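So the structure is just underneath, and the comments pick up after that.
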Amino acid sequence: MGFLAALGSAICYALSYCFLRKGQAESSPPDYGLLPILAMSAISLSGVAIIEYMVGGRLIKPGADLPVPVLWATCSGIVGTFLGRMLLYRAVNQLGAVRGVVLKGVSPVATMAVAAFALGEDPSFDDGLGLCGVLGSILLLVIESRLRKHRAARFAFQSAAVIGITAACIQGVGHVFRQLSVQTGLSPLPAAAIDLSAATSTYVIGLLCRGTLLALLRWYAQHLNIWLAVAGWCSAAGVFLFFFAADHASVSTVAILAASEPVFVALFSALFLARLERLSWWSGAAALLIGLSAMMLVTS
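Remember, this note's numbering sits 8 above the position in the sequence shown when you count from 1.
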């Protein structure tokens, strides 16, 4: 069940990144589309969680010490969702959806390291093979950048790659916080709602402190973009499914399965971004390698 949820999360995230890239290309949002996607995701999941509570659903597991799981979900929202996405969306804007998300494949490295240290998880041999596939796919992108003739293009890739890898490491830490939140007593749905609400609140507070919130809201009011809204809904589904998967499997395995996103991004890019996203043999092979690594875990 956890494996299927993790793959479902990867598909939803992939759709989110494709729609994000399309929205970025159409309107060039000042914050790369972060505010509407976070807000749409938080409102959607919070609304569903409230409805579940009203119809008698269980939001907290029996015997849970409430402040602790809420704290972990809040930390995952601030660290993994807000900080990680703020950097990742910039990388997607500069590199494109496929290459940006392939770099996100580094996140399982951080997830496995933190999980082994904080949760005592012992990565399996299959986890190691999956991780090798992730690193191999990133190596293919590095080779692709080295083959480019223009030095400016290589430098642009290197700068965006540093941003993307940093985002992936931050999100990897957030993945561990997600599992801690469901392990200590929260059900996946409220945990996901708290995660996204914390991320959105942190971003809004930051914009208020900088005095740019009203200007950003006015900009989005003048440049309505349905693709960013759809990306927000897909993102909400992806976050919920990740929490659900983390509640039924080890977070290391879930994170590596989630690294299959580039395969789906490459497929969806061909469908939705054919005129926008130029897919080379190198980036296509990188996406396929990550997907095969994830499939090894499912069939093991």
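Yeah, the Cβ is synthetic: ideal placement off N, Cα and C, and Gly gets one too.
All figures in this text were calculated on a predicted structure; none of them were measured in a lab.
Apart from the five residues on each side of it in sequence, which residues of its chain come closer than 6 angstroms, Cβ to Cβ, to residue i?
i, result
"ALA200", "LEU53, VAL247, PHE248, PHE251"
"ALA118", "CYS177, GLY180, VAL181"
"ALA47", "THR208"
"GLY88", "GLN179, GLY182"
"LEU67", "TYR61, SER195, PRO198"
"CYS217", "none"
"ALA123", "GLU129, VAL184, VAL259, SER260"
"GLU269", "ALA18, TYR21, ALA22, VAL109"
Distance check for residue j and residue i, CA to CA, integer angstroms please.
i, j, result
"GLY85", "ILE234", "24 angstroms"
"GLN191", "THR261", "16 angstroms"
"GLN32", "ALA237", "12 angstroms"
"LEU91", "VAL273", "22 angstroms"
"THR174", "ILE45", "21 angstroms"
"LEU103", "ASP73", "43 angstroms"
"ALA206", "VAL78", "10 angstroms"
"GLY136", "LEU194", "29 angstroms"
"ILE59", "ILE51", "12 angstroms"
"CYS140", "TYR61", "42 angstroms"
"TRP80", "GLY219", "29 angstroms"
"TYR21", "SER258", "19 angstroms"
"TYR25", "GLN187", "23 angstroms"
"ALA57", "MET9", "21 angstroms"
"ALA245", "ASP255", "15 angstroms"
"ALA142", "ASP130", "Note that residue 142 corresponds to Val in the displayed sequence, not to Ala. Each residue's alpha carbon lies about 19 angstroms from the other."
"GLY240", "VAL212", "16 angstroms"
"TYR228", "VAL76", "36 angstroms"
"ALA263", "ALA121", "12 angstroms"
Just verifying my parser: in three-state terms, what is the DSSP assignment at residue i?
i, result
"LEU194", "strand"
"VAL273", "helix"
"SER9", "Note on residue identity: the sequence assigns Met, not Ser, to residue 9. Three-state DSSP puts MET9 in coil, outside helix and strand."
"HIS256", "coil"
"SER209", "helix"
"LEU53", "helix"
"PRO44", "helix"
"VAL184", "helix"
"VAL87", "helix"
"GLY128", "coil"
"ASP39", "coil"
"VAL63", "coil"
"SER17", "helix"
"SER268", "coil"
With which residues is residue i paired in a DSSP beta bridge?
i, result
"ILE68", "LEU194"
Once you ignore the five residues that flank residue i on each side, which residues in its own chain have a CB closer than 7 angstroms to its CB?
i, result
"LEU7", "Nothing about residue 7 can be read from this structure; the chain reaches only from 9 to 308."
"TYR97", "LEU28, TYR40, GLY41, LEU42"
"GLY292", "ALA274"
"ILE171", "LEU95, ARG98, ALA99"
"ARG93", "LEU42"
"SER17", "GLY246, LEU249, PHE250, ALA253, ALA266"
"LEU215", "LEU221, LEU224"
"ASN101", "GLN32, TYR40"
"TRP289", "none"
Looking at the secondary structure, which residues open and close the alpha helix (DSSP H) in which residue i lies?
i, result
"THR82", "75-83"
"PRO97", "For the sequence presented, residue 97 should be read as Tyr rather than Pro. From DSSP, the alpha helix (DSSP H) with TYR97 extends over 92-103."
"LEU221", "221-230"
Can you give me the Cβ contacts of residue i inside the same chain, cut-off strictly under 8 angstroms, excluding the 5 residues immediately before and after it?
i, result
"ILE202", "VAL78, ALA81, THR82, GLY85, SER189, LEU194"
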